[in-house]
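In terms of our numbering, the sequence shown opens at residue 122 and continues consecutively. We treat Cβ as the ideally placed atom computed from N, Cα and C, and that holds for glycine. Quick caveat: nothing in here was measured; it's all calculated off a predicted structure. Contents: one structure, followed by commentary.
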Amino acid sequence: IWGRPNIYAFFIYLGLKVLKPNGFLAYVVSSGMNNGAYFKKLRDFIVKSSDIVYMRVLDGNSPFDGANHTFQLLVLKKSENTGRYVFRRNGITIFSEEAEYLEKAFEFSSTLREMGYRVQTGKIVWNRSKDRLRSTPEGAILLIWSHNIKDGRLVLNNRKDKPQYIDYPIEKADRGPAIVAARITGHPKRAVLKAALVPPGTLFVAENHVNVIYPPQNASTEDMEEIVKQLNSPETRRILKILTGNTQISKTELEEMIPLGSKVPRKSSHP
122 IWGRPNIYAF
132 FIYLGLKVLK
142 PNGFLAYVVS
152 SGMNNGAYFK
162 KLRDFIVKSS
172 DIVYMRVLDG
182 NSPFDGANHT
192 FQLLVLKKSE
202 NTGRYVFRRN
212 GITIFSEEAE
222 YLEKAFEFSS
232 TLREMGYRVQ
242 TGKIVWNRSK
252 DRLRSTPEGA
262 ILLIWSHNIK
272 DGRLVLNNRK
282 DKPQYIDYPI
292 EKADRGPAIV
302 AARITGHPKR
312 AVLKAALVPP
322 GTLFVAENHV
332 NVIYPPQNAS
342 TEDMEEIVKQ
352 LNSPETRRIL
362 KILTGNTQIS
372 KTELEEMIPL
382 GSKVPRKSSH
392 P
């Protein structure tokens, strides 16, 4: 067990331990176990101990009353793992209904990390910083919220209940150009990634529900605009739907698990 101990993780572990060879176990279980660091050891144990013979993330809202979560059907057989529903990339193992499609998507693509970009989650937890939030820019820094990322661009002052600025040390602020992407992607079957470019020279800090993508030193604005375009594309939307079992994307998944097309130069292509 790794990360947060969870009762269904223990239940799967115990079930496989006592299951007879070639026996089957069927679960209705959270799709959140399919990716993410918290369930890394559980996924490794499942691959080592069994074969996934069937998996399907359920459409719609939770089948359990009052539970705001996504669930899946998972059938395991205690036998040698065949690799079905298993996708591996950059030392990360995830479960996906379309693992073969993910393999093909990466054949001629690069990740942000491979292109020299770095991703960090926003520094500001707003409900711990209420006394520093400001409605005007005087003596304050731009605070980028996830709702500011709309239709591929930044839209400021679009929520009166969320102040657009914060009292924050200039020396600790970020400076554009950078890319910001919303962490919340929605139900896995309808996941959407929203990204926008922060213009060059803009001082800002991001709220905790935003991932900030920092470019390599010689990246051009045109390179970054192309990345924004691809992150917002229908193709990336499809990748998200089969990549994540959660309602949000982590900074590691954004950095290492999203394939981007050949129009975006690798780090080594810069002079």
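Check your understanding: Just checking my contact of residue 164 with residue 214 at CB under 8 Å: how many whole Å lie between their CB atoms?
Key -> Confirmed, about 5 Å.
Practice item. Can you say whether residue 277 is buried or exposed, counting buried as having 16 or more other CB atoms within 10 angstroms of its CB? Key: Exposed, because fewer than 16 other Cβ atoms sit within 10 Å of the Cβ of residue 277.
Exercise for review: Measure how close the beta-carbons of residue 197 and residue 135 come, nearest whole angstrom, since I'm counting them as under 8 Å.
Suggested key: Rounded, the Cβ-Cβ distance is 13 Å, inconsistent with contact.
Point to revise | CA-to-CA distance, residue 266 to residue 354, given in whole angstroms | key: 21 Å
**Study point:** Outcome for residue 376 when other beta-carbon atoms lying within 10 angstroms are tallied against a minimum of 16
**Key:** buried
**Study point:** From 140, 290, 158, 345, residue whose alpha carbon lies closest to that of residue 274
**Key:** 345
Review point. Going by the CB atoms, is the gap between residue 151 and residue 381 shorter than 8 Å?
Key: no
Point to revise | Where residue 328 falls: helix, strand or coil (DSSP) | key: strand
Review point. Which runs of the beta strand (DSSP E) spanning at least 3 residues fall entirely within the segment 296–371, listed in chain order?
Key: Segments of the beta strand (DSSP E) lying fully in the segment 296–371: 299–303, 316–319, 324–327, 331–335.
Exercise for review: Go through the segment 190–261 residue by residue and report every complete run of the beta strand (DSSP E) that reaches 3 residues or more, in order.
Suggested key: 192–198, 207–210, 213–216, 239–242
Review point. Quick one: is residue 257 buried, meaning 16 or more other Cβ sit within 10 Å of its Cβ, or exposed?
Key: exposed
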